[in-house]
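One point on numbering: in numbering that gives the first Met the number 0, the residue at position 6 of the sequence shown is 5, and numbering is uninterrupted.
Glycine included, C-beta positions come from ideal geometry on N, C-alpha and C.
Quick caveat, the model's predicted, so the values are computed rather than measured.
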Amino acid sequence: MSKFRTPLKNARGLGSSKSGTEHFIHQRLTATALVALTIWFLCLVLSLLGADYVTAVETVSKPWNAILLVGFLVAMFWHAQLGLQVVLEDYIHNSLMALALQTMVKFVAVLGAIVSIFAVARIALGN
0 MSKFRTPLKN ARGLGSSKSG TEHFIHQRLT ATALVALTIW FLCLVLSLLG ADYVTAVETV
60 SKPWNAILLV GFLVAMFWHA QLGLQVVLED YIHNSLMALA LQTMVKFVAV LGAIVSIFAV
120 ARIALGN
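Next up, the structure:
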């Protein structure tokens, strides 16, 4: 493979940006966390089938449920942002459009996570 690299490319340090592994690991960690948290979340939702509003609020207000729900939300939005980043990098070739879309995806993911966590915190703290 090195026979295809020109001396100028070697001098400039072009090639791998060394950030792909970190992205890969983050995707796998969030996916692993989501497996366990999704199973917990589905059990929680199924246990609330047919329950009234007060019971649902009391269930979410329990500290461990609130903590796990916030963890689920953070992992979900982070994983979604990482996945959409890969899709945009692969299919959007206009650099200005790619930058705008990447920025928008990150903004929406952060905003969604903040709003969701705020909602859980409000329920958990009794407001």
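Tell me whether residue i, by its Cβ, gets closer than 7 angstroms to a heavy atom of the ligand NAP.
i    : result
A112 : Judged by which ligands are present, the structure shown has none, so any question about the ligand NAP falls away.
Throw me the rounded Cβ distance for the residue i and residue j pair, which I believe falls under 8 angstroms.
i    : j    : result
L47  : A55  : 5 angstroms
A87  : V104 : The sequence shown places Leu at residue 87, rather than the Ala named in the question. That belief holds up - the Cβ atoms of L87 and V104 are roughly 7 angstroms apart, short of 8 angstroms.
A123 : A65  : 4 angstroms
A120 : Q80  : About 21 angstroms; that fails the 8 angstroms criterion.
V73  : A118 : Not really, about 13 angstroms apart at Cβ, beyond 8 angstroms.
Within a Cβ cutoff of 6 angstroms, which residues of the same chain sit near residue i, ignoring the five residues on either side of it in sequence?
i   : result
W77 : T29
My output table needs one value for residue i: the three-state DSSP class, helix, strand or coil.
i    : result
L87  : helix
G125 : coil
K61  : coil
A50  : coil
H92  : coil
By Cβ distance below 8 angstroms, which residues in the same chain neighbour residue i in space, the five residues on each side in sequence not counted?
i   : result
G70 : A32, L36
I91 : A97, L100
H25 : W77, L81
Near residue i, which residues of its chain fall below 7 angstroms by C-beta distance, leaving aside the five closest residues on each side in sequence?
i   : result
M75 : L33
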